[in-house]
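Visitor: Residue numbers (this note's numbering): 15 to 675.
Ideal placement from N, C-alpha and C gives every residue a C-beta, glycine not left out.
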Amino acid sequence: MSAIESVLVENRVFPPSDAMVKAARISGMAAYEALAKEAEQDFEGFWSRLARDNVQWTKPFTKTLDESNAPFYKWFSDGELNASANCLDKHIGTPVENKTAIVFESDDGKVSQLTYKELLAKVSQFANALKAQGIQKGDRVVIYMPMGVEGVVAMQACARIGATHSVVFGGFSAKSLQERIIDAGAVAVVTANYQMRGGKELGLKSIVDEALDMGGCDTIKSVLVFNRTATPCNMVAGRDKTFDEALKGQSTECKPEPVNAEHPLFILYTSGSTGKPKGVQHSTGGYLLWAKLTMDWTFDMKPQDLFWCTADIGWITGHSYVAYGPLAAGCTQLIFEGIPTFPHSGRFWQMIEQHKVTVFYTAPTAIRSLIKASETDEKVHPKNWDLTSLRILGTVGEPINPEAWMWYYKHVGGERCPIVDTFWQTETGGHVITPLPGATPLVPGSCTLPLPGIMAAIVDEAGHDIPNGSGGMLVIKRPWPSMIRTIWNDPERFKKSYFPEEMGGKLYLAGDGAVRDAKTGYFRITGRIDDVLNVSGHRMGTMEIESALVAKTDLVAEAAVVGRPDDLTGEAICAFVVLKRPRPTGEEAKKIANELRNWVAREIGPIAKPKDIRFGDNLPKTRSGKIMRRLLRSIAKGETITQDITTLENPAILEQLAQTN
Ligand code: ATP
Ligand code: MG
């Protein structure tokens, strides 16, 4: 493969302040380098030390890494632990027991709080209720819940009795839910009558009924229903119980069930950005270690912090940085039921001010939409709120365009807070490439350097190293504790997707393209491997052109770039653009398209000029907010879409984009 040319030059560098360095757990680059060196010199010793220091084992492990059945790696495989005990029981008898574990703000702005001790009692009682349904260690439980305390309690309760949970995001259809129930072979569904989002009451239980009525879900023995609102819902006698009924008479004490370190803590489906979602199976020991460790490393958790991760528990981010990490770290976290645009698009900023959030973690898609909102309506601009409590900002989910990064840094972080641009995946279990707030000098749009012990590299199609400065495929060369163990029910797909034979079968293939800076070695994600463009022999990442478009800050809110076959140039660049003003048509559209073409030519070079530019009110996105370029590729080619669109948020947009030209 010829090198991908890196055309996007980013010269802005933001080193951490002296105060930040001084106070941080990983203090300065020398401290980071010392850890990275320790991992290189004694890989197993390094992980075994961290696993002993950060996890409470009911039976200590004697073996750190078992590679005998690679790529089905095992970590700490003769050790035993319980994940829930590591998040809750471990704090009892320490000053954390009476600390607030969760501050909950509902869709309509009501606030409630729960201490660690109270949360433990709730989780234990729910665990007993699960047991009373006959649910046992090893059983699978599907959780289809609104964002809130009860969802976290349900996850922790499963972990407590050794049941494997599979959370399905509350926005998914009956069909997607049914497929996941069948694939997991679940014995129970935990759900709610309704969920509240943006002031609307939306049925959840009715969707569960519909899914179960579709057939094939005979493994389901019980459905537990949380009454989130007063509106009644259909209940099937003998199968369905309200939480109140299920919890009645159950003790608030429940001994945590020790499980093997490799016991599957959960199955979670990927977002479906690049294809049919994969059921990622995670372990208990390695996963938990990572959730705890990255809270300390990446977010530099301190006892006085108030942590807010805006992700839903239906995504991996809501697993590692809502349901497990913050509790394992013993911090206070904010959980928000609603959406960032209700009742107005300043809601996030208002909540940061009100709760004095110190560490804030969200997605580029949210940032981009709030930038757009605040530029059309001054009243929702972050400057209207006091955000001085913030000390660290984070992003995850997609590459963040440098211009969006700068806005976040300036208007939310007050040019004071480092931004940790955390690169990771459902499969990695937690952060793998990310800046550390008290060490890494930041570069907008770069996820910078791998965490200590993560042997990230960039290779060509045969798995050979590519020198810094040229792009290729992102791989991780050695296993790490929180890595995916297999694809549930499909070990062959696991091997083929992540450890392809063509690359030697030993490298973990992330599926993302990346380039390392020639001088600093910093990583920058250039787009999905499938999205690399080849225009007249020049290889370019989609991200480069998208970032150039978004850098036209007076006009462009969001952009997605794909390739389509072209007789002359091999591939032609096709850009789908959302403007900060209403969607233009006719002559106006032509004029703006020309202006944007010339802009890209100036920013990157004539080779990167999009041949087609189409305008839309929005872009097709997964329910986790990511742009689905694979659908745009079909539209650009003029094909009808026959792909899996079960995780598409806004199907109507496909028609609009197909019509525009
Ligand atoms: P599927 O695997 O089903 O196609 P998906 O890859 O979108 O869906 P996730 O596991 O939710 O599912 O997302 C992981 C992907 O998100 C990464 O592979 C990467 O493309 C993108 N990503 C996450 N964080 C970052 C980041 N900080 N910078 C760049 N890309 C990121
Ligand atoms: Mg993926």
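With residue 490 and residue 446 assumed to form a contact (beta carbons below 8 Å), what rounded beta-carbon distance in angstroms separates them?
Guide: Reading the sequence shown from its first residue, position 476 is the one you call residue 490. Reading the sequence shown from its first residue, position 432 is the one you call residue 446. Correct: roughly 7 Å between the Cβ atoms.
Visitor: Tell me the rounded alpha-carbon separation between residue 665 and residue 672.
Guide: As a first step, residue 665 is located in the sequence shown; it is residue number 651 there, counting from the start. As a first step, residue 672 is located in the sequence shown; it is residue number 658 there, counting from the start. Looking at the two C-alpha atoms, the distance is approximately 12 Å.
Visitor: Can we say the region 609–622 touches the region 646–661, given the rule of at least three CB pairs closer than 8 Å?
Guide: The answer is no - the region 646–661 does not touch the region 609–622, with fewer than three Cβ pairs under 8 Å.
Visitor: Considering residue 676, what are the terminal residues of the alpha helix (DSSP H) in which it resides?
Guide: A query on residue 676 cannot be resolved here, the shown segment of the chain reaching from 15 to 675 and no further.
Visitor: Within the same chain, show all residues whose beta-carbon is closer than 7 Å to that of residue 482, passing over the 5 residues directly before and after it, in chain order.
Guide: Position 468 of the sequence shown, counted from the start, is the residue given in the question as residue 482. 530, 531, 532, 535.
Visitor: If the criterion is Cβ atoms closer than 8 Å, does the pair residue 288 and residue 644 meet it?
Guide: Taking the first residue of the sequence shown as position 1, residue 288 is located at position 274. Taking the first residue of the sequence shown as position 1, residue 644 is located at position 630. Contact flag set, yes.
Visitor: How should residue 265 be labelled, buried or exposed, when 16 other C-beta atoms within 10 angstroms of its C-beta is the threshold for buried?
Guide: The sequence position of residue 265 within the sequence shown is 251, counting from 1. Exposed.
Visitor: Compute every distance between the C-beta of residue 439 and the non-hydrogen atoms of ligand 2, then say whether any falls below 7 Å.
Guide: As a working note, residue 439 is residue 425 in the sequence shown. Checking every heavy atom of ligand 2 against the Cβ of residue 439, one is found closer than 7 Å.
Visitor: How would you label residue 334, buried or exposed, when you count the other beta carbons within 10 angstroms and need 16 or more for buried?
Guide: Residue 334 sits at position 320 when you count from the first residue of the sequence shown. Per the 10 Å Cβ criterion, buried.
Visitor: Give the C-beta separation of residue 375 and residue 431 to the nearest angstrom, bearing in mind that I take them to be a contact with Cβ-Cβ under 8 Å.
Guide: Taking the sequence shown and counting its residues from 1, one reaches residue 375 at position 361. Taking the sequence shown and counting its residues from 1, one reaches residue 431 at position 417. Residue 375 to residue 431, Cβ: 12 Å. No contact.
Visitor: Over what stretch of residues does the alpha helix (DSSP H) that includes residue 540 continue unbroken?
Guide: Reading the sequence shown from its first residue, position 526 is the one you call residue 540. Not the alpha helix (DSSP H): residue 540 falls in the beta strand (DSSP E), residues 537–542.
Visitor: Considering only the alpha carbon of each residue, which of 573, 551, 569 lies closest to residue 557?
Guide: Working through the sequence shown from its first residue, we reach residue 557 at position 543. When each option's Cα is compared against that of residue 557, the closest is 573.
Visitor: Can you list, in chain order, the residues of its chain whose CB lies under 6 Å from that of residue 354, leaving out five sequence neighbours each side?
Guide: Within the sequence shown, residue 354 is the residue found at index 340, counting from 1. Result list for residue 354: 361, 362, 380, in chain order.
Visitor: Which same chain residues, not among the five before or five after residue 272, have their C-beta less than 6 Å away from its C-beta?
Guide: Looking up residue 272 in the sequence shown gives position 258. Excluding positions up to five away in sequence, the list reads 72, 94, 96.
Visitor: At which residues does the beta strand (DSSP E) containing residue 552 begin and terminate?
Guide: One-based indexing of the sequence shown puts residue 552 at position 538. Unbroken beta strand (DSSP E) run through residue 552: 552–554.
Visitor: Using the three-state DSSP reduction, which class does residue 106 fall into: helix, strand or coil?
Guide: Stepping through the sequence shown from its first residue, residue 106 is reached at position 92. In this structure, residue 106 counts as coil in the three-state DSSP scheme.
Visitor: Cα separation between residue 115 and residue 131?
Guide: In the sequence shown, counting from the first residue as 1, residue 115 sits at position 101. In the sequence shown, counting from the first residue as 1, residue 131 sits at position 117. Near 9 Å, if we compare the C-alpha coordinates of residue 131 and residue 115.
Visitor: Look at the Cβ atom of residue 49, then the Cβ atom of residue 466, and state whether they are nearer than 8 Å.
Guide: Counting from one through the sequence shown, the residue named residue 49 turns up at place 35. Counting from one through the sequence shown, the residue named residue 466 turns up at place 452. Taking 8 Å as the Cβ cut-off, residue 49 and residue 466 qualify as a contacting pair.
Visitor: Considering only the beta carbon of each residue, do residue 101 and residue 170 sit closer than 8 Å?
Guide: Your numbering for residue 101 matches position 87 in the sequence shown. Your numbering for residue 170 matches position 156 in the sequence shown. Against a cut-off of 8 Å, the Cβ pair of residue 170 and residue 101 comes out as a contact.
Visitor: In the structure shown, what three-state DSSP assignment does residue 331 receive?
Guide: Within the sequence shown, the letter at position 317 stands for residue 331. The answer is helix: DSSP assigns residue 331 an H, G or I state.
Visitor: To the nearest angstrom, report how far apart residue 521 and residue 543 are at their CA atoms.
Guide: Stepping through the sequence shown from its first residue, residue 521 is reached at position 507. Stepping through the sequence shown from its first residue, residue 543 is reached at position 529. If you take the alpha carbons of residue 521 and residue 543, they lie about 15 Å apart.
Visitor: State the DSSP-derived secondary structure class of residue 241, mapped to helix, strand or coil.
Guide: Here residue 241 refers to the residue found at position 227 of the sequence shown. Coil at residue 241, not helix or strand.
Visitor: Kindly list the residues whose CB is nearer than 8 Å to the CB of residue 253, restricted to its own chain and excluding five residues on each side of it in sequence; keep chain order.
Guide: The count along the sequence shown starts at 1 and reaches residue 253 at position 239. Here the set comprises 234, 235, 236, 237.
Visitor: Taking 8 Å as the threshold (C-beta atoms), are residue 448 and residue 461 in contact?
Guide: Within the sequence shown, the letter at position 447 stands for residue 461. Within the sequence shown, the letter at position 434 stands for residue 448. Yes. Within cutoff.
Visitor: State the Cα-Cα distance for the pair residue 165 and residue 257, rounded to the nearest angstrom.
Guide: Taking the sequence shown and counting its residues from 1, one reaches residue 165 at position 151. Taking the sequence shown and counting its residues from 1, one reaches residue 257 at position 243. Looking at the two C-alpha atoms, the distance is approximately 12 Å.
Visitor: For residue 81, is the classification buried or exposed, using 16 other Cβ atoms within 10 angstroms of its Cβ as the cut-off for buried?
Guide: As a position in the sequence shown, residue 81 is number 67, starting the count at 1. Flag for residue 81 reads exposed.
Visitor: Looking only at DSSP bridge pairs, what is residue 446 linked to?
Guide: On the sequence shown, position 432 is the one that residue 446 refers to. Residue 446 is not bridged to any residue.
Visitor: Quick check on the burial criterion: 16 or more other C-beta atoms within 10 angstroms. Buried or exposed for residue 201?
Guide: Position 187 of the sequence shown, counting from 1, holds the residue named residue 201. Residue 201 should be labelled buried.
Visitor: Going by the C-beta, is residue 293 closer than 7 Å to any heavy atom of ligand 4?
Guide: Absence of ligand 4 is noted for the structure shown, with ligand 1 and ligand 2 being the only ligands found.
Visitor: Using only the heavy atoms of ligand 2, determine whether one of them is closer than 7 Å to the beta carbon of residue 334.
Guide: Sequence index remark: in the sequence shown, residue 334 carries index 320 (1-based). Not so, every heavy atom of ligand 2 lies at least 7 Å from the Cβ.
Visitor: May I ask you to verify whether the region 410–419 touches the region 557–568, counting CB pairs closer than 8 Å and requiring at least 3?
Guide: The region 410–419 vs the region 557–568: in contact.
Visitor: Between residue 310 and ligand 1, is the CB less than 7 Å from at least one heavy atom?
Guide: Along the sequence shown, one-based indexing puts residue 310 at 296. Residue 310: no, Cβ never under 7 Å from ligand 1.
Visitor: Below 6 Å CB to CB, which residues in the same chain sit around residue 277 once its five sequence neighbours on both sides are set aside?
Guide: Counted from its first residue, the sequence shown places residue 277 at position 263. So the list reads 298, once near-sequence residues are dropped.
Visitor: Sorted by chain position, which residues of the same chain lie with C-beta nearer than 6 Å to residue 33's C-beta, five sequence neighbours on each side aside?
Guide: Along the sequence shown, read from residue 1 onward, the residue named residue 33 stands at position 19. Excluding sequence neighbours, residue 33 sits near nothing in its chain.
Visitor: Is residue 502 helix, strand or coil by DSSP?
Guide: By one-based count along the sequence shown, residue 502 stands at place 488. Note: residue 502 maps to coil in three-state DSSP.
Visitor: Strictly by DSSP, which residues pair up with residue 316?
Guide: Walking along the sequence shown from the start, residue 316 turns up at place 302. Looking at the DSSP assignment, residue 316 forms no beta bridge with any residue, so it has no partner.
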